[in-house]
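Chemist:
Protein chains in written order, with this note's numbering: chain A, 39 to 327; chain B, 1471 to 1629.
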C-alpha cells in the first residue's frame, strides 16, 4: 500500500508542467485576451516556443501557411487551439525516457496521449455531440498519474499483473488492490498540484470510472476520454503492459450512443493524424516490448 | 540482417533469409504471418479493422488497414516474390478484446471473423494461431527458418 505522503513526496521530484499552460488556459477563456497576451506568456520559454511551433505546423492543424512566430500561430490557429497546443508542447518534456511499471517507452506513451486527444475530438464529431472545451488537452493529459505512480507500480508489478492474468481483474483495479490507489486517483492529485483547470483534473481522476464522476464534472468530456482511451489501447496506439485488461463502462457507451461501426470509422479516420502528430516528438511509434 | 517493423495498417515482406519481421502492440488488430519454406520468403500484415466499407477512401490509400483489402494484398505480394500458395505456411495472432459487457468494442472479434471467412472461401489453412484475450502482443517471423514467436507480458512463446 502507498501512503498519500509517498505520492506527495514523489510529486516534488517530478518535473512540473510549464506554468505557461495554466496561464494560457485562463487567457483562452478570457474574451479580452489577445495574441500579444499569449506571446508574453509563451516567448520567455524558448523550449515551449519551439515545441509549440513544431506542433502548430504539423498537418493535423491544417494551417494555410507556415507559422514562424507565436503571434502568427495564435492568429492562424486562434486562442483556444493555441492553448491546447501549448499543453502538448509542455507535456512532451515531462515524460520520462521510460515509464517504470507500465513497460512503455516515452515515444509510445506520447503516442497514446496524442491518440486519446485526437480520438476524443473525433468521437465528438462522429457521434454528433458537443465537443466540450479542453477536450484535446484533457485527452492529452488523462494519464498524468502514471508518471507519478510508475515507480510504485514497478515495485509490485508481478503481483499487479497476476491479478489481471489469473483474477481477470482490470489493471487499474489491480493497482488499487495492491497499492491502495490507482493511477487515475494519483492523476487527479497531480493535475490539482499543477493547478490545471478543473475539467482536466476531473478527466485525469475519473477516466477509468466515468459513472462515478461527481455532478460538478462535465460527464460528456469524461465519457469521451474514457471511450477514446479504451479505443486507443484496443488499437495498439501506445498500449502498455496492462491497459488491454480494462473495463469499458456500459454507462458511457449508452450515454454516447456508440455503435461498433462508428468506433471503426473513427479509428480509420484518425490513424494517420495520430501518427503525424505523435511524430513531432517521437522518432517512430513503438509499443510494449 | 535487417529487422523490418510492421506498423499498424502496414505490411512487410522479405526474401532475405537473415531478416526478421516484427510488429508491436497488437491489441484488437490482427497480424497474419506467412512463410514459404521453398522460396524462403516471409510476409506479415498488421491490419486494424475488418472491412474496407468503413472507409473506402482509406482503403485505397492504405489497403493494409483492412482485412478484406490487406490480406489479398499480402498473398498477391508473396506470389510476386515467387511464392506458391501450396507451399505457404500461414499463422495468425492478435484479435484481443477489452472487458466490455455490451460488446461495442468487438473489433478484435470482428477482425478474426472476417479473416476466417476469407480463408475458408479461398481454402487457406491456418497452421497455428494465438488470438483473443485481454493482452497486447508482439509478433515476430524469422524469414530464413519461418519460426514465429508471440510475446506478451514479457513471455515469449513459439507460434
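Think of the CB as a built atom: it goes at the ideal place given N, C-alpha and C, for glycine as much as any other residue.
Quantities reported herein were computed from a predicted structural model and do not represent experimental measurements.
Can you tell me where the alpha helix (DSSP H) with residue 80 of chain A in it begins and where it stops?
Modeler: Taking the first chain and counting its residues from 1, the one referred to as residue 80 of chain A is at position 42. Note, residue 80 of chain A: alpha helix (DSSP H), 73-80.
Chemist: According to DSSP, simplified to helix, strand and coil, what is residue 168 of chain A?
Modeler: By 1-based counting over the first chain, the position of residue 168 of chain A is 130. Three-state result, residue 168 of chain A: coil.
Chemist: How many Å lie between residue 258 of chain A and residue 85 of chain A at the Cα?
Modeler: As a working mapping, residue 258 of chain A is identified with position 220 in the first chain. As a working mapping, residue 85 of chain A is identified with position 47 in the first chain. Here the alpha carbons of residue 85 of chain A and residue 258 of chain A stand approximately 33 angstroms from one another.
Chemist: For residue 1628 of chain B, which three-state DSSP category applies?
Modeler: Taking the first residue of the second chain as position 1, residue 1628 of chain B is located at position 158. Residue state for residue 1628 of chain B is assigned as strand, using DSSP reduced to three classes.
Chemist: Enumerated in chain order, which unbroken segments of the beta strand (DSSP E) with a length of 3 residues or greater are wholly contained in the region 1588-1625 of chain B?
Modeler: 1596-1601, 1607-1612, 1618-1622, all fully within the region 1588-1625 of chain B.
Chemist: Just checking my contact of residue 65 of chain A with residue 76 of chain A at CB under 8 angstroms: how many whole Å lie between their CB atoms?
Modeler: As a first step, residue 65 of chain A is located in the first chain; it is residue number 27 there, counting from the start. As a first step, residue 76 of chain A is located in the first chain; it is residue number 38 there, counting from the start. Correct: roughly 6 angstroms between the Cβ atoms.
Chemist: If you run the structure through DSSP and keep just helix, strand and coil, what is residue 1575 of chain B?
Modeler: One-based indexing of the second chain puts residue 1575 of chain B at position 105. Of the three classes helix, strand and coil, the one that applies to residue 1575 of chain B here is coil, per DSSP.
Chemist: Using only the alpha-carbon positions, how far apart do residue 1610 of chain B and residue 106 of chain A sit?
Modeler: Reading the second chain from its first residue, position 140 is the one you call residue 1610 of chain B. Reading the first chain from its first residue, position 68 is the one you call residue 106 of chain A. Roughly 43 angstroms between the two C-alpha positions.
Chemist: Could you give the distance in angstroms between the alpha-carbon of residue 1500 of chain B and the alpha-carbon of residue 260 of chain A?
Modeler: The residue you call residue 1500 of chain B lines up with position 30 of the second chain. The residue you call residue 260 of chain A lines up with position 222 of the first chain. Roughly 29 angstroms separates the two Cα atoms.
Chemist: How about residue 1584 of chain B and residue 1537 of chain B: do their beta carbons lie closer than 8 angstroms?
Modeler: For the purposes of this step, residue 1584 of chain B is identified with residue 114 of the second chain, where counting begins at 1. For the purposes of this step, residue 1537 of chain B is identified with residue 67 of the second chain, where counting begins at 1. Yes, Cβ-Cβ distance for residue 1584 of chain B and residue 1537 of chain B is below 8 angstroms.
Chemist: Between which two residues does the alpha helix (DSSP H) containing residue 289 of chain A stretch?
Modeler: Indexing the first chain from 1 puts residue 289 of chain A at position 251. It spans 288-294 - the alpha helix (DSSP H) in which residue 289 of chain A sits, taken as one unbroken run.
Chemist: Buried or exposed: residue 266 of chain A, going by 16 or more other Cβ atoms within 10 Å of its Cβ?
Modeler: By one-based count along the first chain, residue 266 of chain A stands at place 228. Label assigned to residue 266 of chain A: buried.
Chemist: To test your reading of the DSSP string, which unbroken alpha helix (DSSP H) runs of 4 or more residues are found completely within the region 242-273 of chain A?
Modeler: 257-272
Chemist: Scan the region 99-110 of chain A for residues whose Cβ lies nearer than 8 angstroms to a Cβ of chain B and list them as they occur along the chain.
Modeler: none
Chemist: By Cβ distance, which residues of its chain are closer than 7 angstroms to residue 161 of chain A, with the 5 residues on each side in sequence left out?
Modeler: Position 123 of the first chain, counting from 1, holds the residue named residue 161 of chain A. 262, 265, 266, 304, listed in sequence order.
Chemist: Are at least three pairs of beta-carbons, each pair with one atom in the region 302-318 of chain A and one in the region 95-104 of chain A, less than 8 angstroms apart?
Modeler: yes
Chemist: Once DSSP output is grouped into helix, strand and coil, what is the label at residue 1480 of chain B?
Modeler: Reading the second chain from its first residue, position 10 is the one you call residue 1480 of chain B. Strand.
Chemist: What number of angstroms, rounded off, separates the C-alpha of residue 288 of chain A from the C-alpha of residue 298 of chain A?
Modeler: Walking along the first chain from the start, residue 288 of chain A turns up at place 250. Walking along the first chain from the start, residue 298 of chain A turns up at place 260. Going by the C-alpha atoms only, they are around 13 angstroms apart.
Chemist: Count the CB pairs spanning the region 1486-1498 of chain B and the region 174-183 of chain A that are closer than 8 angstroms, and state whether there are at least three.
Modeler: Taking a cut-off of 8 angstroms for Cβ pairs, the region 1486-1498 of chain B and the region 174-183 of chain A do not touch, as fewer than three such pairs fall below it.
Chemist: Does any residue of chain B bring its CB to less than 8 angstroms from the CB of residue 194 of chain A?
Modeler: For this step, residue 194 of chain A is matched to residue 156 along the first chain. Put simply, the CB of residue 194 of chain A is far from chain B, with every gap to its CB atoms at 8 angstroms or more.
Chemist: Considering only the alpha carbon of each residue, which of A:171, A:285, A:308 lies closest to residue 1574 of chain B?
Modeler: Numbered from 1 along the second chain, position 104 holds the residue referred to as residue 1574 of chain B. The candidate whose alpha carbon is nearest that of residue 1574 of chain B is A:285.
Chemist: Find the residues of chain B that neighbour residue 173 of chain A, judging by a C-beta separation of less than 7 angstroms, and give them in chain order.
Modeler: For the purposes of this step, residue 173 of chain A is taken as the residue at position 135 of the first chain. Correct list: empty, because the minimum Cβ distance to chain B is about 20 angstroms.
Chemist: Can you list, in chain order, the residues of its chain whose CB lies under 8 angstroms from that of residue 1629 of chain B, leaving out five sequence neighbours each side?
Modeler: Taking the first residue of the second chain as 1, we reach residue 1629 of chain B at position 159. Here the set comprises 1503, 1561, 1563, 1598, 1599, 1600, 1609, 1618, 1619, 1620.
Chemist: Taking only three categories from DSSP, how would you classify residue 175 of chain A?
Modeler: On the first chain, position 137 is the one that residue 175 of chain A refers to. In the structure shown, residue 175 of chain A falls within a helical segment according to DSSP collapsed to helix, strand and coil.
Chemist: Counting only Cβ-Cβ distances shorter than 9 angstroms, please list the residues of the region 1529-1543 of chain B near chain A, keeping chain order.
Modeler: Listed by position along the chain: 1529, 1531, 1532, 1535, 1536.
Chemist: Mind checking if residue 1625 of chain B is an interface residue toward chain A, Cβ cutoff 8 angstroms exclusive?
Modeler: Position 155 of the second chain, counted from the first residue, corresponds to residue 1625 of chain B. Not an interface residue.
Chemist: Between which residues of its own chain and residue 197 of chain A is the CB-CB distance below 7 angstroms, once the five residues before and five after are set aside?
Modeler: For the purposes of this step, residue 197 of chain A is taken as the residue at position 159 of the first chain. Here the set comprises 216.
Chemist: Buried or exposed: where does residue 214 of chain A fall if 16 or more other Cβ atoms within 10 Å of its Cβ makes it buried?
Modeler: Taking the first residue of the first chain as 1, we reach residue 214 of chain A at position 176. Residue 214 of chain A should be labelled buried.
Chemist: Identify the continuous alpha helix (DSSP H) that holds residue 1548 of chain B and give its terminal residues.
Modeler: Position 78 of the second chain holds residue 1548 of chain B. Residues 1537-1550.
Chemist: Looking at residue 63 of chain A and residue 235 of chain A, is the spacing between their C-beta atoms short of 8 angstroms?
Modeler: Here residue 235 of chain A refers to the residue found at position 197 of the first chain. Here residue 63 of chain A refers to the residue found at position 25 of the first chain. Yes, the Cβ-Cβ distance between residue 235 of chain A and residue 63 of chain A is below 8 angstroms.
Chemist: Say whether the region 123-131 of chain A touches the region 226-233 of chain A, bearing in mind that this needs 3 or more beta-carbon pairs closer than 8 angstroms, one atom from each stretch.
Modeler: no
Chemist: Residues of chain A with CB closer than 9 angstroms to the CB of residue 1499 of chain B, please, in chain order.
Modeler: Within the second chain, the letter at position 29 stands for residue 1499 of chain B. Within chain A, the residues 272, 273, 274 have their CB atoms less than 9 angstroms from the CB of residue 1499 of chain B, given in chain order.
Chemist: Which residues in chain B have a C-beta closer than 7 angstroms to the C-beta of residue 302 of chain A? List them in chain order.
Modeler: By 1-based counting over the first chain, the position of residue 302 of chain A is 264. In chain order, 1519, 1524, 1577 make up the part of chain B whose C-beta sits under 7 angstroms from the C-beta of residue 302 of chain A.
Chemist: Once the 5 residues before and after residue 282 of chain A are set aside, which same chain residues still bring their CB inside 7 angstroms of it?
Modeler: For the purposes of this step, residue 282 of chain A is taken as residue 244 along the first chain, with counting starting at 1. Around residue 282 of chain A: 271.
Chemist: To which residues of the same chain is residue 39 of chain A closer than 6 angstroms at the C-beta, ignoring the five residues directly before and after it?
Modeler: Stepping through the first chain from its first residue, residue 39 of chain A is reached at position 1. Answer for residue 39 of chain A: 218, listed in chain order.
Chemist: Using only alpha-carbon positions, find the residue among A:166, A:306, A:224, A:276 that is nearest to residue 43 of chain A.
Modeler: Looking up residue 43 of chain A in the first chain gives position 5. It is A:224 whose Cα lies nearest to the Cα of residue 43 of chain A.
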